[in-house]
Structure formats: C-alpha cells, structure tokens
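Let me begin by presenting the structure, written as structure tokens, before commenting on it.
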Amino acid sequence: KCSIHMYSHPNATLPRESMFAGIRKSFPVHMVEPRYVVRWGTTKMVKAELQLIASALHDESNQRFVLVSDTCVPLWPFECMYHFLMSLERSFVETAVSSQNFGIYDFPKDYAQELKRNWRKGSQWFVLTRVVAAKIAANMHYYDIFGK
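Residues in the sequence shown are numbered from 156 upward in steps of one, following this note's numbering.
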C-alpha cells in the first residue's frame with residue numbers, strides 16, 4: 156500500500172512520541188542515506204528532498220510521493236488521505252510570486268532578471284504523482300548548479 160522514506164539529522168534517533176515511531180509496525184520505513192545536517196533555506200534541504208524522491212522511486216509500487224514532517228502532518232486519518240490522493244491524477248505544489256528579498260541567495264547578476272521573472276516562493280511540502288517525481292529525479296543535476 157505504501158512505504159515511508161525518512162530523512163533526519165545524522166545523529167538523530169526517532170523519539171517515541173514521533174508520529175513515525177508507531178508507523179513502523181504497519182509500513183516499511185526506509186532511512187535515506189547518506190544523512191547530513193540540513194538547515195531551512197539551504198540547498199542541502201533541496202538535496203535531502205531529492206534523495207527522498209529518488210529513494211522512493213526505487214519501489215515501483217509507490218505511486219504518490221508526499222513530503223511531510225513529523226511536526227506538520229495531515230489532520231485527516233491516513234486512510235482518508237490515502238484514498239483521496241490515489242483517486243486524483245495530479246500533483247500538489249504550492250508556489251506564489253513573492254516580494255520577499257532573497258538576498259541570502261548569492262545568484263550571479265547575469266541571472267537577476269530571469270530569476271525575478273521566474274522565482275517562486277512556496278512551502279516545501281508537496282504531493283507528487285510518480286510521473287512528476289520521476290521528472291524531478293531526472294533533473295537532479297540542477298542541484299549541483301544551485302549547490303555551488
């Protein structure tokens with residue numbers, strides 16, 4: 156039915172109160188390796204998400220790819236969410252044009268206008284179909300460009 160692919164800090168252990176701790180009894184749980192320290196807003200966070208997608212794609216039975224954290228989980232029961240997501244043939248990715256200053260990103264000046272025109276801000280949480288997840292994984296080489 157589903158499998159869980161997790162990414163955490165290299166030294167982290169799963170707290171007993173984590174929603175993922177009790178799930179191990181019902182679903183296979185895979186810890187994605189290698190693990191390294193990830194901070195919000197850095198390219199390491201993107202790399203971790205790409206690793207999760209690539210790991211989950213190895214299992215042909217995975218048809219939806221949902222990124223959540225153990226502190227931001229759906230309010231609906233698992234069965235309800237599962238049936239809803241499997242009944243739709245679309246992905247959910249939040250994006251919005253933002254006036255926020257992205258000065259923390261040191262992009263080359265040559266790209267300033269292109270980024271201003273195409274840059275979007277959004278939550279990192281998503282729901283992807285297998286087709287979209289595979290397209291994202293196929294473009295992992297872009298990570299190296301932004302990771303420099």
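For glycine and all other residues, C-beta sits at the position ideal for the given N, C-alpha and C.
Delimiting residues of the beta strand (DSSP E) encompassing residue i
i    : result
H160 : I159 to M161
T250 : Where T250 is concerned, there is no enclosing beta strand (DSSP E), given that its DSSP letter is neither H nor E.
L283 : F281 to T284
Cβ distance (whole Å) where residue i is taken to contact residue j below 8 Å
i    : j    : result
A209 : F220 : Between F220 and A209 the Cβ distance is about 10 Å, and since that is not below 8 Å, they are no contact.
R285 : Q218 : 5 Å
I159 : P183 : 7 Å
L283 : S246 : 5 Å
Straight-line Cα distance separating residue j from residue i
i    : j    : result
M186 : L222 : 14 Å
T198 : Y298 : 8 Å
E244 : H164 : 33 Å
A288 : E234 : 22 Å
L201 : M241 : Before going further, note that residue 201 is Val rather than Leu in the sequence given. Their Cα atoms are separated by approximately 25 Å.
R171 : H238 : 27 Å
Y191 : Y162 : 9 Å
A203 : P232 : 26 Å
Residue-level contact to chain C via CB, residue i, 7 Å cutoff
i    : result
R245 : Looking for chain C here will not work: only one protein chain is present.
Contacting residues, own chain, Cβ-Cβ under 8 Å from residue i (five flanking each side not counted)
i    : result
A292 : L205, I208, A209 and L212
W195 : none
Neighbourhood of residue i by C-beta, 6 Å cutoff - its chain only, sequence neighbours within 5 removed
i    : result
V248 : F281
At 3 residues or longer, and completely inside the segment 175-237: list those beta strand (DSSP E) runs for me, N to C.
With a minimum length of 3 residues, the unbroken runs of beta strand (DSSP E) contained wholly in the segment 175-237 fall at 184-186 and 219-222.
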